[in-house]
Amino acid sequence: MTLMLQVNGRAREVQADAETPLLYALRNDLGLIGTRYGCGLGQCGTCTVIIDGKAVQSCDLPVSAAVGKQITTVEALGTVENEVENEVENADEKLHPLQRAFIAEQAAQCGYCLSGILMAAKALLDVNKDPSDGDIRAALEGNLCRCGTHGRILRAIKRAAEEMRNLGSS
Amino acid sequence: MAQSKEPAARKLPGSLDTNRRLDRWLQINSDGTVTVTPGKVEIGQGILTALVQMVAEELDISVHRIRLAPATTAFSPDEGITSGSRSIQESGLALRHAAAETRDLLLARAAQKLGVTLENLTVADGVISARSGGSVTYWELATPDLLAREATFDVVEKPPAEHVVVGTSLPRVDILGKITGKAAYVQDMVLPGMLHGRITRPPGPRARLKRIDVKEVERMPGVVAVVRDGSFLGVVAEREEQAIRAERRLARLALWDAGAPLPDSDPRRLLTLAAETEVISEKGDPGTAGAQQLSAEYTKPYLAHASLAPSCALALQDGDKLKIWTHSQGIFPLRGDMAQALAMPETDIIITHAEGAGCYGHNAADDVTLDAALLARAVPGKPVRVQWMREDEFAWEPFSSPMVVRMSAALDAKGNIVNWSHELWSHAHSTRPGGRGGVNLTAAWHLEKPLPAAKPGNPPLPGGGSHRNAVPLYDFPNQKITNHLIRESPLRTSAMRALGGHANAFAIECFIDELAEAAGADPVEFRLRHLKDARARAVIEKAAQMAGWKAHEKGDGERGRGIAFARYKNLAAYFAVVAEVQVAEEVRVTRMWAAVDVGQAINPDGVINQIEGGIIQTVSWTLKERIDFDRQGVITRNWTDYPILTFAEAPQVEVALINRPESPPVGAGEGTQGPVSAAIANAIHNALGVRMRDMPFTRDRVVAALSA
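Following this line, the structure appears as structure tokens:
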């Protein structure tokens, strides 16, 4: 069946069964491969997107349940076309403060968890400009990281919040 | 120094010795770039960033000029397996030498072209200038024949004092793609006309497919093919969710013979099994008695790599050729096993690496590759992408072996260790592809005509497998170390970070603490008393200083601290750590202070990132993780059954790097595991006065220990 989705501010048409998990519609129909499969059970958070302002796991959500809602994926955060390997510095203006902060803290190992974590963090920072360490940890309750990059990720989100406050006040 | 070459040895550095052609490692391009083609692969550890730095350093070019090509059996050097924290030593040192030689070759051409002597030339970012005037670039000088030659021995690499790129914390070359949702993983690859596959596995390792009628599934929406070969059962469909639905239907329709029941999952069952026993170290008189004799027994369970991304591969049967994309850690050994399983010549199989999520050792990356190939053969000309489901990954990945370690030691009247005995029981720690006399790929064992697995085994000492780090680095006058290897395991076991070094260093470092207590000594002073190695002493002293360690410090019934140390494989990274725990209902690790010495740190922040990660992952192993099975198969099949450390539980970690630019660089991915588990056990004892010797230290076990 034909379903109309609002993804990253654009209307997108998807041909899929109503019960198809949103994750597969995003990845395979819309080419938004930044949202990733980890468990299909809503337990690990690699598939986290933002729906109407809330961080939601897309792997066990039927695509039909997302119709008429605003869906945001990691691709909407900021992207750099034609980037040259290593040339991270020049990319700064086009990236979201969260992404800049993840670079500054080098908060990545394998990185498979990062799309989902960035979405969970964005959902937090959109409503909480000055989160405590406890707030950030709680916002990442649904996200796992197996490489052990937790400390860097927590620092990066804190740093992004600070930058966003500074940008907001200037 | 690694780069000093004894003429008698005639060995080139690292993997260059077995892959001597320079153009297999590097190409100088006319467009001002350099292509680097290492045989080692990125598994999240950041190796590619370090390799870029080593090449840029020797070539005197900006890191921005370097392009990395994915490893492929089509042209990359065969560097075996990316494992054992050996990539800096093997790939890094090879590339360092190859790049230095390339620079020499370019300088020789420049000297001729500019009509000056070599001494007159300087290089800046690929521009060679003569002091007397005139310049020429690498990009102008390079022709395809430049590197069509074997590496030679008389190349002088840059002395560490002149390094400007190596030793700096270059940002990871892969980070931008990973934070912008770009295609970063094999899971993200899309090929034209790509189909999706899923596999229906037996309910357990001994079960066999008795009967299935696949007609109903063949008629399901989008299904292109159902593939059955013996007990191997899979489906190919147009859409991913269609493949998943069809697979679930297959699983429901299949009738299985359960096979012989599996035994109990208790690690101590190892003690009851027939073993191959070998004394791997004997020193002095192991019969020496002391004033006090202590003994203790430690265990660890089966553990899962539990990669966050279930394993995935793409395969395309293209005429006679089979094209494969995989996150395998060893594309060449995998190709050998694939050729046997598919009865094809190796030359018809082209395997290209594409990054997966962190694997931490031998997970299902190789197995899913054969799955994809078997499905792709059913739909020639169409690429098939197979990703395992989460349940498949937990049930079928090769696990880290359970282990039992029995320690015994004697203290003299002064509280010094005068005798030391270490006995370990374990299954094998390697069943990777490339084993002799068999095929180490799950699907191959399920075929109508099954191929036997290679004999499970261990890498040899000094690195070792189950016996890794069993020989203590401490200086004891008398010692005996015994390895009991039980090759056959109810569940397949293979390499996971540190291999047996995790349980061995855990047991040694817990037992040292028990001995220190019996001797009335402070754990830091007691370790230093038995250690001569200056670098070992330095990391212990540094970690203790960072933590503000006080001699004989006591826990308060809830909070406590413990220390532990090891040198990975007794020949690589030195690592010491202090753990702080807070025990209420459960054990929480609140802070960790660690010091590490990897010799020359190519990328200091990269080393620290790896060490932090190793620490946090091991906290998770130690407190929470255990693979369990019933009589039929694995019952821990998702993240609820197999919880790992969460963001709420992650400790604050501080790592100090002791950089030694004049010492050979070694890897940082392993070596934290044993000490971290031991430091936690020692901290719990410091807090509560009870000894935790069986991992994981769950709430139930702590409660049981307290009431014992």
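One line per chain: the protein sequences are A and B, in this order.
244 is the number that the numbering used here gives the last residue of the first sequence; the numbers go up by one with no jumps.
1207 is the number that the numbering used here gives the last residue of the second sequence; the numbers go up by one with no jumps.
Idealized CB from N, CA, C, for every residue including glycine.
Listing by chain order, which chain A residues have their CB less than 7 angstroms from the CB of residue i?
i	result
Ala682 of chain B	Ile107
Val1152 of chain B	Gly225
Gly733 of chain B	Chain A residues near Gly733 of chain B: none, gap ~18 angstroms exceeds 7 angstroms.
Phe1074 of chain B	The contacting residues do not exist; Phe1074 of chain B stays about 15 angstroms from chain A at best.
Asp1104 of chain B	Gln180
Gln552 of chain B	Going along chain A, no residue has its Cβ under 7 angstroms from Gln552 of chain B, so there is no contact; the nearest lies around 10 angstroms.
Asp866 of chain B	Per Cβ cutoff of 7 angstroms: no residues; Asp866 of chain B is ~18 angstroms from chain A at best.
If you drop the 5 nearest sequence neighbours on each side, which residues of the same chain put their C-beta closer than 6 angstroms to that of residue i?
i	result
Glu796 of chain B	Arg905
Ala99 of chain A	Val88, Ala90, Val137
Val725 of chain B	Val713, Val716, Glu717, Val734
Pro1022 of chain B	Asp1012, Ala1015, Ile1062
Lys979 of chain B	Glu781, Pro785, Ser920
Ala1046 of chain B	Val1077, Trp1092
Arg509 of chain B	none
Asp522 of chain B	Leu646, Ala647
Ala1180 of chain B	Cys1009, Met1191
Asp911 of chain B	Gly789, Ala790, Val917
Ala457 of chain B	The requested residue 457 of chain B is not part of the displayed model; chain B covers only 500 to 1207.
His1051 of chain B	Asp1021
Listing by chain order, which chain B residues have their CB less than 9 angstroms from the CB of residue i?
i	result
Val148 of chain A	Ile678, Thr679, Gly680
Pro136 of chain A	The contacting residues do not exist; Pro136 of chain A stays about 10 angstroms from chain B at best.
So, for residue i: in the same chain, excluding its five sequence neighbours on each side, which residues have a beta-carbon less than 7 angstroms away from its beta-carbon?
i	result
Lys504 of chain B	Confidence at Lys504 of chain B is low in this model, with a pLDDT of 48, below 50, so its placement is unreliable and the value that follows should be read with caution. Correct list, in chain order: Phe652.
Thr1135 of chain B	Phe893, Ile1126, Asp1127, Tyr1141
Met500 of chain B	Confidence in Met500 of chain B is poor, its pLDDT being 40 and thus under 50, which makes the residue's placement unreliable; the coordinate value appears in the next sentence. Excluding residues within five positions, the ones whose Cβ falls inside 7 angstroms are Glu1161, Pro1163.
Val1154 of chain B	Ala1093, Val1095, Ile1107, Ile1110, Glu1111
Asn838 of chain B	It should be pointed out that residue 838 of chain B corresponds to Ala in this sequence rather than to Asn. Only Pro844, Glu845, Ile848 meet the Cβ criterion.
Pro940 of chain B	As written in the sequence, residue 940 of chain B is Leu, which differs from the Pro given in the question. Cβ within range, chain order: Asp836, Ala840, Asp865, Asp866, Leu869, Pro932.
Under 7 angstroms Cβ-Cβ, which residues of chain B neighbour residue i?
i	result
Gly114 of chain A	Met888, Arg889
Arg248 of chain A	Absent from the model: residue 248 of chain A. The displayed extent of chain A is 75 to 244, so no value can be given.
Leu192 of chain A	Ile678
Thr94 of chain A	Glu740
Asn82 of chain A	Chain B residues near Asn82 of chain A: none, gap ~11 angstroms exceeds 7 angstroms.
Where does the unbroken alpha helix (DSSP H) through residue i begin, and where does it stop?
i	result
Ala1167 of chain B	Ala1167 of chain B -> no alpha helix (DSSP H), and no H or E assigned at all.
Leu690 of chain B	It is not in any alpha helix (DSSP H) - Leu690 of chain B carries neither H nor E in the DSSP assignment.
Ser1206 of chain B	1198 to 1206
Glu557 of chain B	546 to 558
Met193 of chain A	188 to 201
Glu1111 of chain B	1103 to 1123
Ser243 of chain A	224 to 243
Gln173 of chain A	171 to 178
Give every residue of the same chain whose Cβ lies closer than 8 angstroms to the Cβ of residue i, excluding the five residues on either side of it in the sequence, and list them in chain order.
i	result
Gly936 of chain B	Pro951, Ala953, Lys954
Ser668 of chain B	Asn1102, Pro1103, Asp1104, Gly1105
Phe1196 of chain B	Val1086, Thr1121, Leu1122, Ile1179, Ala1180, Ile1183
Show which residues of chain A have a CB atom less than 9 angstroms away from the CB atom of residue i.
i	result
Trp1138 of chain B	Gly112, Cys113, Leu115, Gln117, Cys118, Leu218
Gln1081 of chain B	None at all; the shortest Cβ gap to chain A is about 15 angstroms.
Asn1185 of chain B	In chain order: nothing, as chain A lies at least about 23 angstroms away.
Just the chain B side, please: which residues come within less than 8 angstroms of residue i by C-beta, in chain order?
i	result
Gly152 of chain A	Thr679
Could you tell me the boundaries of the beta strand (DSSP E) in which residue i lies?
i	result
Tyr637 of chain B	No beta strand (DSSP E) holds Tyr637 of chain B; the alpha helix (DSSP H) holding it covers 637 to 640.
Glu589 of chain B	Segment: none, Glu589 of chain B is in no beta strand (DSSP E) and carries neither H nor E.
Cys811 of chain B	811 to 817
Asp848 of chain B	Here residue 848 of chain B is Ile; the residue named in the question, Asp, does not match the sequence. Counting along the chain, the beta strand (DSSP E) containing Ile848 of chain B begins and ends at 848 to 852.
Leu923 of chain B	916 to 925
Residues of chain A with CB under 8 angstroms from residue i, in chain order?
i	result
Glu1111 of chain B	Gly222, Thr223, Gly225, Arg226
Asn482 of chain B	Coverage of chain B is limited to positions 500 through 1207, which leaves residue 482 of chain B absent and any answer about it impossible.
Ile1114 of chain B	Gly222
Ile1143 of chain B	Leu218, Arg220
Under 8 angstroms, with one C-beta from each stretch per pair, do the segment 177 to 185 of chain A and the segment 664 to 680 of chain B reach the 3-pair mark? Segments in contact, yes.
When you check each C-beta in the segment 203 to 227 of chain A against every C-beta of chain B, which residues fall closer than 9 angstroms? So the list reads Gly208, Ile210, Arg211, Ala212, Ala213, Leu214, Glu215, Asn217, Leu218, Cys219, Arg220, Cys221, Gly222, Thr223, His224, Gly225, Arg226, Ile227, given in the order they occur along the chain.
What residues in the segment 164 to 188 of chain A have a beta carbon less than 7 angstroms from any beta carbon of chain B? Shown in chain order are the members of the segment 164 to 188 of chain A whose Cβ falls below 7 angstroms from a Cβ of chain B: Ala165, Gln173, Phe176, Ile177, Gln180, Ala182, Gln183, Cys184, Gly185, Tyr186, Cys187, Leu188.
Quick check: the segment 692 to 709 of chain B against the segment 210 to 228 of chain A, are at least 3 beta-carbon pairs closer than 8 angstroms? With a cut-off of 8 angstroms, the segment 692 to 709 of chain B and the segment 210 to 228 of chain A do not count as touching, because too few Cβ pairs lie within range.
Could you tell me whether the segment 510 to 525 of chain B touches the segment 637 to 650 of chain B, where touching means 3 or more Cβ pairs closer than 8 angstroms? As far as the Cβ criterion goes, the segment 510 to 525 of chain B touches the segment 637 to 650 of chain B, which means the pair count is three or higher.
The segment 912 to 927 of chain B / the segment 999 to 1011 of chain B touching (three or more Cβ pairs under 8 angstroms): In short, these stretches touch, since the Cβ pair count reaches three.
Short-range partners of chain A found in the segment 556 to 579 of chain B, where Cβ spacing is below 8 angstroms: Here the close residues are Val562, His563, Ile565, Arg566, Leu567.
Under 9 angstroms, CB to CB, which of the residues in the segment 792 to 810 of chain B have a partner in chain A? Interface annotation for the segment 792 to 810 of chain B against chain A: His804, Ala805, Ser806, Leu807, Ala808, Pro809, criterion Cβ-Cβ distance under 9 angstroms.
Mind the definition here: the segment 522 to 537 of chain B touches the segment 563 to 582 of chain B only if three or more C-beta pairs lie below 8 angstroms; say whether that holds. With a cut-off of 8 angstroms, the segment 563 to 582 of chain B and the segment 522 to 537 of chain B count as touching, because enough Cβ pairs lie within range.
Please determine if the segment 120 to 129 of chain A and the segment 141 to 149 of chain A are in contact, where contact requires at least 3 C-beta pairs separated by less than 8 angstroms. The segment 120 to 129 of chain A is in contact with the segment 141 to 149 of chain A.
Could you check whether the segment 824 to 833 of chain B touches the segment 575 to 586 of chain B, counting it as contact only if at least three pairs of C-beta atoms, one from each stretch, sit closer than 8 angstroms? With the cut-off at 8 angstroms, the segment 824 to 833 of chain B and the segment 575 to 586 of chain B touch.
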